[in-house]
Amino acid sequence: MMKRLIIILALAAIALGFFPLAMRISGDSGLTALATHYVEAGADELGAANLVTSVVVSYRGLDTLGEVMVLFTATTGVTALLGAGKSKSHKKEKESERDGDGRREGSELLATGAAFLFPILVLFGIYIFLNGHLTPGGGFQGGVVLASAFLLLLFSDCRLELNHALLKGAEAISGAAYVAVGLLGLWLAGGFLDPRFLPAGEFGQLFSAGAIPIIYILIGIKVGSELTGIVDAMRRCS
Amino acid sequence: MTHIVLALGFLLVCIGFWGLMTRKEVFRLIISFSLLDTGVHVIMVGIGYVRTGTAPIFDEALAVAGAVGKVVDPVPSALVLTAIVIGLAVTALMLSFAIRLHASRGSLAVDDMKELKW
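These protein sequences, in sequence, are chains A and B.
Counted the way the working numbering counts, the first sequence spans residues 1 to 238.
Counted the way the working numbering counts, the second sequence spans residues 1 to 118.
Right, dumping it as structure tokens:
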């Protein structure tokens, strides 16, 4: 009873703390000064048609690099937690898996569907992160679509073994290249992660906005390979 | 409109907190955390909303000149965009903790874990 009272009190305290904040926000307040600057000058400064991409990749590029680091740490944690205990018994497990221990084959419907959808999903993921500076989308979303393609493939065929060297290589190279592009910006343009060391190109075209598409491609590959690694680690341990 | 979105996000946050405080199974705690996470995302998107504003993406329909007042705030959208993917990865990390816990003790109940109790 006491416990329940404390919980209700805590929830009420959260509500009271949040309510005045929420009531001050309304749709009429317009843009903040910072957002106004981004909307007015963003297109001229960076040449990306998608302002959200300008903010993610350039204005807040350091934040995004930090988020990619969080993603990397989480992936490392998943692999360490799920991979460590299994390495000894891995061979034995593999043998028992071959006997079909508990794991059912994906149905024919799923297998056919996955084989049909896999290339389309990969293509769609690549399209999303290639056009991240022009249309809604970008590296994070494209990477997730790529990982979902691999998830579908792993569902449909339980004996499938992904090439881990390739996954790790793609992840490591894209991560290192992201930092390298950032350093190039520091050297050739205004600062770390400044994408303007490449020509801005024609506004609204695929080859525009300096290094923003390159950074988003690298983020897309990194997110895709990391999430695929997470999915694969979870599958192998179960 | 903004108030409805904010209220819904706030409701999700409260459900998440309530779950974190009352549930006693690791898996349910993870679900509560995901709800909390989603609520925060909804609130952040709601904060950036401007009435009658459209997505801040320039094309034929939205010229660069005079775009202020026609678009929503791009900063919260950018933050939420990355936060969703990070939330997915963090949830995966929590789930793998749960898998290891279950493998080593055969139980996911918080009451069975007594090492840090005092």
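For every residue, glycine included, the Cβ atom is placed at its ideal position computed from N, Cα and C.
Check, Outcome
"What did DSSP end up calling residue 107 of chain B once you bin it into helix, strand or coil?", "coil"
"Using the C-alpha atoms, what's the distance from residue 79 of chain B back to residue 4 of chain B?", "21 Å"
"Ignoring anything shorter than 4 residues, give me the alpha helix (DSSP H) runs that lie fully in the stretch 106–167 of chain A, in order along the chain.", "108–130, 139–156"
"What does a CB cutoff of less than 6 Å around residue 94 of chain B pick up in its chain, not counting 5 residues either side in sequence?", "30"
"Tell me which residue opens and which closes the alpha helix (DSSP H) that residue 1 of chain A is part of.", "Residue 1 of chain A -> no alpha helix (DSSP H), and no H or E assigned at all."
"Between residue 179 of chain A and chain B, is there a C-beta pair that is closer than 8 Å?", "no"
"Taking residue 35 of chain B as the reference, which of B:21, B:85, B:100, B:16 has the closest Cα?", "B:16"
"Determine the closest residue to residue 36 of chain A out of B:66, B:25, B:86, with distance taken between C-alpha atoms.", "B:66"
"Would you call the stretch 53–62 of chain A and the stretch 131–144 of chain A touching, i.e. three or more CB-CB distances under 8 Å?", "yes"
"I'd like to check one pair, residue 178 of chain A with residue 71 of chain A: are the Cβ atoms closer than 8 Å?", "no"
"Can you name, in chain order, every residue of its own chain whose Cβ lies under 8 Å from the Cβ of residue 100 of chain B, other than the five neighbours on each side?", "none"
"Looking only at C-alpha atoms, which of B:110, B:47, B:108 sits nearest to residue 120 of chain B?", "Since the first residue shown for chain B is 1 and the last is 118, residue 120 of chain B is missing from the structure and cannot be characterised."
"Just the Cα atoms here: how many angstroms apart are residue 18 of chain A and residue 50 of chain B?", "20 Å"
"From this set, B:23, B:52, B:11, which residue's C-alpha is nearest residue 40 of chain B's C-alpha?", "B:11"
"Going by Cα to Cα distance, which pick from A:42, A:21, A:53, A:47 is closest to residue 217 of chain A?", "A:53"
"Thinking C-beta only, is residue 231 of chain A closer than 8 Å to residue 160 of chain A?", "no"
"Identify the contact partners of residue 271 of chain A in chain B, using a Cβ-Cβ distance below 8 Å as the criterion.", "The displayed coordinates of chain A run from 1 to 238. Any statement about residue 271 of chain A would go beyond what the structure contains."
"Using the Cβ count rule (16 or more neighbours within 10 Å means buried), how would you classify residue 74 of chain A?", "buried"
"Does the beta-carbon of residue 76 of chain B have 16 or more other beta-carbons within 10 angstroms, so that it is buried, or is it exposed?", "buried"
"Please name the residues in the stretch 23–37 of chain B whose beta-carbon is closer than 9 Å to at least one beta-carbon of chain A, in chain order.", "none"
"Residue 36 of chain B by DSSP, collapsed to three states: which one?", "helix"
"Use the C-beta contact count for residue 4 of chain A: other C-beta atoms within 10 angstroms, 16 or more gives buried, fewer gives exposed.", "exposed"
"Please decide whether residue 77 of chain A counts as near chain C, where near means a Cβ-Cβ distance under 8 Å.", "The structure shown contains no chain C; the protein chains it does contain are A and B."
"Among the candidates A:233, A:190, A:221, whose CA atom is the shortest distance from the CA of residue 125 of chain A?", "A:221"
"Just to confirm my understanding: we take residue 44 of chain B, look at its own chain, exclude 5 residues before and 5 after, and list those with CB closer than 7 Å. What are they?", "76, 79, 80"
"Classify residue 142 of chain A as buried or exposed, calling it buried when 16 or more other Cβ atoms lie within 10 Å of its own Cβ.", "buried"
"Count the other C-beta atoms from every protein chain shown that fall within 10 angstroms of the C-beta of residue 175 of chain A, then say buried if there are 16 or more, exposed otherwise.", "buried"
"Pull up the distance between the alpha-carbon of residue 87 of chain A and that of residue 112 of chain B, whole angstroms please.", "With a pLDDT of 48 at residue 87 of chain A, under the threshold of 50, the modelled position of that residue is not reliable, and no figure is offered here."
"How big is the Cα-Cα spacing for residue 38 of chain B and residue 43 of chain A?", "31 Å"
"Is it right to say residue 196 of chain A is buried, meaning 16 or more other beta carbons lie within 10 angstroms of its own, or is it exposed?", "buried"
"Under 7 Å Cβ-Cβ, which residues of chain A neighbour residue 21 of chain B?", "7, 10"
"For residue 15 of chain A, return the contacting residues in chain B, with the cut-off set at a CB-CB distance below 9 Å.", "10, 14"
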